[in-house]
Each structure stands twice: as structure tokens, then as C-alpha cells.
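One line per chain: the protein sequences are A, B, C and D, in this order.
Here the first sequence is numbered in the numbering used here, starting from 287 and rising by one per residue.
Here the second sequence is numbered in the numbering used here, starting from 287 and rising by one per residue.
Here the third sequence is numbered in the numbering used here, starting from 287 and rising by one per residue.
Here the fourth sequence is numbered in the numbering used here, starting from 287 and rising by one per residue.
Note that CB positions come from ideal geometry on N, CA and C, so glycine has one too.
What follows is a single structure, written as C-alpha cells, with notes after it.
There are 4 protein chains.
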Amino acid sequence: MSEKIKYGVVGYKGRLGGEVVNVFLENNHELVYKFDVDGESQREKPSVIIDCSLPDVFGKTIKTVIENNIPLILATTGLSKEQLTKLKEISTVIPVVQSYNYSIGIQILLKLTQIAHEKLPDWDIEIEETHHRFKKDKPSGTAKMIENIFKDKQVNVSSLRLGNVPGDHIVSFGGLGEVLSIKHVATSRRTFAEGILKSAEFIVKKKNGLFSFTDVIFGD
Amino acid sequence: MSEKIKYGVVGYKGRLGGEVVNVFLENNHELVYKFDVDGESQREKPSVIIDCSLPDVFGKTIKTVIENNIPLILATTGLSKEQLTKLKEISTVIPVVQSYNYSIGIQILLKLTQIAHEKLPDWDIEIEETHHRFKKDKPSGTAKMIENIFKDKQVNVSSLRLGNVPGDHIVSFGGLGEVLSIKHVATSRRTFAEGILKSAEFIVKKKNGLFSFTDVIFGD
Amino acid sequence: MSEKIKYGVVGYKGRLGGEVVNVFLENNHELVYKFDVDGESQREKPSVIIDCSLPDVFGKTIKTVIENNIPLILATTGLSKEQLTKLKEISTVIPVVQSYNYSIGIQILLKLTQIAHEKLPDWDIEIEETHHRFKKDKPSGTAKMIENIFKDKQVNVSSLRLGNVPGDHIVSFGGLGEVLSIKHVATSRRTFAEGILKSAEFIVKKKNGLFSFTDVIFGD
Amino acid sequence: MSEKIKYGVVGYKGRLGGEVVNVFLENNHELVYKFDVDGESQREKPSVIIDCSLPDVFGKTIKTVIENNIPLILATTGLSKEQLTKLKEISTVIPVVQSYNYSIGIQILLKLTQIAHEKLPDWDIEIEETHHRFKKDKPSGTAKMIENIFKDKQVNVSSLRLGNVPGDHIVSFGGLGEVLSIKHVATSRRTFAEGILKSAEFIVKKKNGLFSFTDVIFGD
Chain A
287 MSEKIKYGVV
297 GYKGRLGGEV
307 VNVFLENNHE
317 LVYKFDVDGE
327 SQREKPSVII
337 DCSLPDVFGK
347 TIKTVIENNI
357 PLILATTGLS
367 KEQLTKLKEI
377 STVIPVVQSY
387 NYSIGIQILL
397 KLTQIAHEKL
407 PDWDIEIEET
417 HHRFKKDKPS
427 GTAKMIENIF
437 KDKQVNVSSL
447 RLGNVPGDHI
457 VSFGGLGEVL
467 SIKHVATSRR
477 TFAEGILKSA
487 EFIVKKKNGL
497 FSFTDVIFGD
Chain B
287 MSEKIKYGVV
297 GYKGRLGGEV
307 VNVFLENNHE
317 LVYKFDVDGE
327 SQREKPSVII
337 DCSLPDVFGK
347 TIKTVIENNI
357 PLILATTGLS
367 KEQLTKLKEI
377 STVIPVVQSY
387 NYSIGIQILL
397 KLTQIAHEKL
407 PDWDIEIEET
417 HHRFKKDKPS
427 GTAKMIENIF
437 KDKQVNVSSL
447 RLGNVPGDHI
457 VSFGGLGEVL
467 SIKHVATSRR
477 TFAEGILKSA
487 EFIVKKKNGL
497 FSFTDVIFGD
Chain C
287 MSEKIKYGVV
297 GYKGRLGGEV
307 VNVFLENNHE
317 LVYKFDVDGE
327 SQREKPSVII
337 DCSLPDVFGK
347 TIKTVIENNI
357 PLILATTGLS
367 KEQLTKLKEI
377 STVIPVVQSY
387 NYSIGIQILL
397 KLTQIAHEKL
407 PDWDIEIEET
417 HHRFKKDKPS
427 GTAKMIENIF
437 KDKQVNVSSL
447 RLGNVPGDHI
457 VSFGGLGEVL
467 SIKHVATSRR
477 TFAEGILKSA
487 EFIVKKKNGL
497 FSFTDVIFGD
Chain D
287 MSEKIKYGVV
297 GYKGRLGGEV
307 VNVFLENNHE
317 LVYKFDVDGE
327 SQREKPSVII
337 DCSLPDVFGK
347 TIKTVIENNI
357 PLILATTGLS
367 KEQLTKLKEI
377 STVIPVVQSY
387 NYSIGIQILL
397 KLTQIAHEKL
407 PDWDIEIEET
417 HHRFKKDKPS
427 GTAKMIENIF
437 KDKQVNVSSL
447 RLGNVPGDHI
457 VSFGGLGEVL
467 SIKHVATSRR
477 TFAEGILKSA
487 EFIVKKKNGL
497 FSFTDVIFGD
């Protein structure tokens, strides 16, 4: 059992923010600071702030964590280069976790894919991703993360769009006589809140440094 | 139990021809005529001839079946337009079954796909096919057969090439809240010989006519 | 585009009831009657009533539809034999649709399974169902519906319990040389509301009779 | 490119032995010793002997490798405890690789499963195996190898029997919001011959010791 964490959420009324509050509550952590379109409220100084909002709130969040020396978990997507550089800068003073995907399973998939590729360097590789019909971009950001593992070779990525599928990813390795595949299926947004919980439990023990979610799961 | 069939095979030494001989033997049918690069041999007049050879043997096969009035099953692939027209012509006199794919499961998949599409006209559709790395053409002929079912809409086909996979095909239908898919996996060439067996049992009862393998499975 | 339906919902505050209200609203149908723990309210006489509540509300619902001669869609699960008999009885006077699963995809899966079984009577059959870890009963009700298709043979059903999977069902047919499978994956509860919408559009045109959701999808 | 290996095969006329001879030939290794029911023949002293035969030939094989100081790869299944003890004994003098499954992909699956379990200790686990209808034992030996990874918990294993499926294995991990699975599909016996090739290339560099196929793939 982990110790109780007093935490804050920026964007607590959003879909991800709401899931974070639920999951942290189930784990007996205490919400002491919140910020959203309806304003800011603070009961106590939090020992970690989670930002699940949008890039334009970034400046305000950075100011808050720097002035009060509070560890930061950043779950905002679509950050600019300047914002990412700023994160690196402040991470010399406070600990920061930043990722575009807090799914634990996807982290494991990336790790397993890397190991499989090292052990099966000559096997054929295929990546597949399936998402809801409303997703316009192909391939998905996560599929690109998988693709980046195979620096040395061109890999085919198949993108399927079906109904309202939250997100499936499959990496397959084909040898003569066998096929090995690693598959991840997202069934709800809750998984991302669980990943943020793990990140919070990880970061409260750090002095400073910029960490990825991979560091959280596999150690830095 | 079906009656014993006295049959002939053109191309009996090939990979498919060999499977046909095995499967017919297991079902107690009798090989009475064979033809291959090493010549021709006949013990009795066959009640059906199966051609599993190449398009350039076509002329010789047609001559044999016409002169002797023998039902024909054609499993040769890559026939020319002229050859297909010729088949139609002779089918007024003798019964002919012609198909590029004698897998029973693929026939069922085609049928089920058609029904699903009729009942789910607005759902998203995705076709996937996976074959061995040596298969150069994309998409597979069978994937094209599936694609043809959706005359009214543009359908995305994903082609994967992995190891020595004999052939997988998946058709998926995506609605808001659910995905329905129909999948066929070939595990050996034997399946085609089984389809030819069904075709033989079907054709020996016919007077004349040109039949597809769909007719054999679902009735004409 | 279908005509506007004035409808009522019993149990409109429940999870399924809420989805029904959303989906009907998107299709421009009008909620004119509702009933739940907080009481009853009626603006106009509905042309169909949908009951998404619990078996103990059954009596009250029946009374309402009989007295006012309103078509009924029953989505309550766990009805007693007496309640099912009662439904049959009232269906001589008003039209009734009753089903334990209003997923359109599952209906298609059942139909396709039946056709595949007829065409492949000798193939091996395997049924698999995967649900969330909180589901105690094995196999699922839907797996039993699939099992019932194979009256003539004993069929193995594998039940998997994983995370919070909403519900996957697979029926596989295995021949020598190939495997054909039909798979349904539920991605959200919305699918059931869509099925109830189809049932409403079906039932408002009927005079009387007891219909299953299969009748709605495939015609009676 | 590896150096040419002069090798011997016990049981070279069997199905696995035949595949071994093919795969080694493609890699330019030279068959210098063979033994089967039709007798023994030797052109040169081999630098490794591969036994793909049956347990009752074990004594003769051991005698040959000990007297001539030849590294041994044992692919025979169903060895007795005494035979396994004997292997351990002779491995102090000559190097020995022994495994019941020389599929490289299965080794990777085992490794990935172990890593996933370490990182996701609280997730639900499900194992599935599908084999041809002629396989009587449930679950498969490989499924048991997977099961052994989860020493600390009871794991459900589903066994499916379909057509002539060579062998599929799936391990799934279910968390709240996601499912991660690792799947292996065997498409031909060739895969085992490839594993034996890797074992031969590994063992010719060893002085002595008893190695598993896991050692061959992941290092000892």
C-alpha cells in the first residue's frame, strides 16, 4: 500500500481530469488543489500537480509549480517545441514526468517489441492500428512510437477505421514457420488515469529530473 | 456416404494434384485416368476429369472432355478471356465447374459477408489479408473477391506480408458500439482438394452448364 | 429518414435508459413519458413504451401499456416464466418486442453462425467469450444463445475474464485445412440503445404480436 | 555468415529429421553422419549430432557421442527421468542442448510473458491454446510451460480443438481499461528445424554443459 498523496489537478473537469480524480480517490489520495475554467481553489500545498488540460494553460501551470516547488506530471498533448524545452529547463529544479500516452500496457508493448526485434532481427514486421471512424490522422501517434523502434528498417503500418473503437495496436513478427504478435486493446480512458497514478507515486520520491512514462514503468 | 466416382486428374504430379489424389482415395473414389509431363494413362473412362495443371494444357484437356463427353472441374489459375469463353461454350454440352479458389471456408466467408453487409449497410468496412513474404501482388485475389461484394462503396484493404503464412482474410464491420468480423485462416493446401471433392460429387449429377464453386456450396 | 416517434421510457435514469434517451434524441424522436424512482411524468400519449428497468416494475409497465393500448419494448433482463407468459398473452392485443440482448451485431453473429453451421455440419466448433473480471457467471448469456444453435452437438465454451472488457464473443469452425470464425466485440453500451431504436421503428407499424429482436433485424 | 558445420542426424528419415536436413543444407552445412531404421552411415566425424528420433534410441545415441566426444542436440520428446539424469551426467564432459520445443517464437513468447508479468503483477491472466482435433491431451505442453511462469497464481487455461491447426498459443493480461496479449502461431514444422540450426551454431563453440533452448536464444 502506498502512502497518501496530496495532489492537485489542472483541468479537473475534463474527461481525463475526471478519471484522474476518481482513480486517485479509490486509492485514498487527497485532492487539495484544483484549477479549471471555473477558477482555482486550494486547501493545502499539493505534493504533486497533474496537468490534464490544454497547451495554452501550460504557462500558468509552470508558474505555479516553480513558485511553489511542486513536482509536475504533464498529460497535455500537442505541446510546442518551446514548451518541451521549457520543461527540460525547469526539470533541473523540480521533477517532471511528461508523456503523450500514460497507458501502462502500451509501455509494456513498446518494451516487448524492442526485445522481440533484438532477438528476431530478420523476421518480417507488420504494424496495425485500429481506431474509431472519427480519427482523421493515419497512422496513430502510438503506431509511430512503435515504428520508431525499427530505426534500421522500413516497416509497413496498416490503419483501420471502424465504428468507435477506442484504439487497438498490433505488432507482428513473421518467421518461416511462425508468427509472433503483441497486441494492445484499450477498453476505456481509465487506463490513462492509472498510468498517471503510477507516475505520481514515482515522482513524489524524486528531487528533480525530466522523466518519460517509460522511466516510470521500467525505472530510470 | 457418396457413391464411388471413377475420376481422372490432369497434373496429378503437382502439389494440388497430389492432394486431390489423396483426398479422393480416402473417400474411396478411383483414379482411372491421369496425365502429366510423363505422359497419359487410362484404365477406364472417367466420370469426371479434374484439371489442376497450367493454362497451356487447357486445349488438350478441352479436347479430351469434349470427345469423350466427360464432366470437367477446372482448378487451373490464370486463364485467359478466350479460355473462359471457350469454357462457357462447351458447358452447353458438358457440365463444368470453374473457380480460382476451392476453399469451402472462403465460400462461406463470401456468403456471410454479403449477408452482413445487407443487414449493416451503414457500418464501416475493413478488409485485411495476410500472406507469406514471397507473395508479391497486393491485395490477394481472394481479397478482391471480397471487395467486389461492396460494389456501392470504396473499401480499404490492408495487406500484410509475414513469414510463410498460407493465407488469412478478415472482413470487419464497425458500428458505434460494436465490431463484427469474419475471419478465414488457411492451414494447409488440403482444403482446396476437399473443395474439388465436393465439386466432383456435385458435377457427376449434372447434364451440362457452367458452375462456380459458389454454386457447388450454396446450390445453383 | 424515419418519422418522428413520441416515446416513453421506464427506467430513464438507469445506464441503458440514459443511452436510449440520447440515441432517440439524436434521431429527433420525442420523449413524452418517463417513469423512474422519482416518479412518473407524461406530456402526451406515447406511441411506444420502452422498459429498461427491473423485473419488479414489470406489473406496473404491463398495466400502463394495456390500459392505454401502447406498443411495448421490453429490455428488462431476468424475467420469470410467469412474466414471459404474461407477455405472450398481452401480445394478442398489443405488439411487443422482447429480448435479452439488443445488440445488432450479436443478432448478425447468431444468423451467420446458423448459416455457417448448416453449410459446414462436420466441422469442429468452439465458442469463446471474454468479459470483465467482475462477471461471475460462466458462460455468458450470449454464449448460451450461440450454444443453442448447435442443438445436435456438444460444443465446448471457453470463458475468459480480463480487466474490464465489455464483452467479446467468437464462434470458430475448424475443417481440415482451414478455420472460419465470426467475432463480435462490444465497445460500448450505446449499441443496445441503437438496437432499441430499430425495435421502436419496427413496432410502431405493427398491430399486435410477440417479436424477438431477431424478428426486428431479419424480418418476421 | 556462420562457418560450415559437419553434422549428423539420428532419425534423419522422420518428419523433423527431414526438415533439419533441408534447413541445414540451405545454410551450407554438411551432413556427414546419419542413422535411422535402415542403418548407419558415416563419411566423417561430425562436430555435432542431432537426435530427432525416439526415446528408445537414446542409449545408442549417448554411446556414440560419448565415445567420440561429439556435442549433442536432443530433440526427442517424452524422455524418462533416468534419461534426463543421464544427460546431465554426460554434460560434464560434452555440451548438450535439450528441449521439448525448438520454436524460436515460443522462446520469445515465454520471455516476453515473464517480463509482462513482472511489470503487471496485478493484472488478470488468461492462457489459450488451439490445436488440431487429433490432439487428445489438454492443455498442450507449451501451455504448461507458459503456466509455469505464473508460479504465484492460479491461471485459467482454455484449450480449443479445431481442424488441423498446427498450434496457436495466446497469453493475455487484463487491466482496468486495457488488454495486452502475446500470441504465437505455428505455420509449419520448419520452425523447429530453424531452432535446431541455432542450437547447432551455439553448441559447436561450447566445451561442455547442459543447455536449454532458452539458453541458446537468450544466452547462458
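Asked, Found
"Report buried or exposed for F420(B), applying the criterion of at least 16 other Cβ atoms within 10 angstroms of its Cβ.", "exposed"
"Only counting the same chain, and skipping five residues up and downstream in sequence, which positions put a Cβ closer than 7 Å to that of T399(A)?", "I432, I435, V457, I468"
"So with CB distances below 7 Å, who are the chain B contacts of D410(A)?", "R419, R447, L448, G449"
"For the candidate residues V502(D), F504(D), F478(D), whose alpha-carbon lies nearest to that of E305(D)?", "F478(D)"
"Pick helix, strand or coil for L395(D), following the three-state DSSP scheme.", "helix"
"Could you tell me the alpha carbon to alpha carbon distance between I336(A) and T350(A), rounded to whole angstroms?", "12 Å"
"Name the two residues that bound the continuous alpha helix (DSSP H) containing D501(B).", "499 to 504"
"What is the DSSP secondary structure of G303(C), reduced to helix, strand or coil?", "helix"
"Measure the C-alpha to C-alpha separation of I489(D) and N442(D) and round it to an integer number of angstroms.", "37 Å"
"For V471(A), go through chain D and note every residue whose CB falls closer than 7 Å to its CB, in chain order.", "E464, V465"
"For N450(D), which residues from the same chain have a beta carbon less than 6 Å from its beta carbon, with the 5 sequence-adjacent residues on both sides left out?", "H418"
"So which residues of chain A does T477(D) contact, with C-beta pairs closer than 8 Å?", "G461, L462, G463, E464"
"With a Cβ-Cβ cutoff of 8 Å, do S339(C) and V383(C) count as a contact?", "no"
"Under 8 Å by Cβ, that's how I've got Y386(D) and T363(D) pegged, so tell me the actual separation to the nearest angstrom.", "5 Å"
"I think V502(B) touches K491(B), with their Cβ atoms under 8 Å apart; what is that distance to the nearest whole Å?", "V502(B) to K491(B), Cβ: 11 Å. No contact."
"Give me the residue from G495(A), F499(A), Y293(A), N314(A) with the minimum Cα distance to T378(A).", "G495(A)"
"In angstroms, rounded to a whole number, what distance separates the CA positions of I376(A) and V323(A)?", "25 Å"
"Mind listing the chain C neighbours of L398(B)? Cutoff is C-beta to C-beta under 8 Å, in chain order.", "L398, I401, A402, I468"
"Can you give the Cα-Cα distance for E414(A) and A472(A), rounded to whole angstroms?", "14 Å"
"Find out if the Cβ-Cβ distance for the pair G463(C), L406(C) is shorter than 8 Å.", "no"
"Go ahead and label Q328(C) buried or exposed: buried means 16 or more other beta carbons lie within 10 angstroms of its beta carbon, across all protein chains shown.", "exposed"
"Please report how far the alpha carbon of P332(D) lies from the alpha carbon of R476(B), in whole angstroms.", "38 Å"
"Of the choices S444(D), L395(D), A429(D), H470(D), whose alpha-carbon is the least far from that of F504(D)?", "L395(D)"
"Mind checking who F488(D) pairs with in its DSSP beta bridge?", "F488(D) is not bridged to any residue."
"Name the chain B residues that come within less than 8 Å of K480(C), Cβ to Cβ?", "Here residue 480(C) turns out to be Glu, not Lys, going by the sequence shown. Under the 8 Å cutoff, chain B gives G461, L462, G463."
"Taking the beta strand (DSSP E) that F459(B) belongs to, which residues open and close that run?", "454 to 461"
"Expressed to the nearest angstrom, what Euclidean distance is found between the alpha-carbon atoms of L358(C) and F321(C)?", "14 Å"
"I'd like to know whether the C-beta of P357(C) is nearer than 8 Å to at least one C-beta of chain A.", "no"
"So L446(B) and S444(A) are supposed to be a Cβ contact under 8 Å. How far apart are they, rounded?", "7 Å"
"May I ask you to report which of helix, strand or coil DSSP gives F321(C)?", "strand"
"Which residue comes first and which comes last in the alpha helix (DSSP H) that contains L360(D)?", "Element bounds for L360(D): not the alpha helix (DSSP H) but the beta strand (DSSP E), 358 to 360."
"Along chain C, in chain order, which residues have C-beta atoms closer than 8 Å to that of S229(D)?", "Look at the range of chain D in this structure, 287 to 506, and you will see that residue 229(D) is not part of it."
"Among the residues of its own chain, which have a CB less than 7 Å from the CB of N314(C), if the five just before and after it don't count?", "K290"
"At least one CB of chain C closer than 8 Å to the CB of P381(A): is that the case?", "no"
"According to a CB-to-CB cut-off of less than 8 Å, which residues of the region 326 to 350 of chain D neighbour chain B?", "none"
"Can you check DSSP and say which residues form a bridge with I390(C)?", "Bridge partners of I390(C): none, in fact."
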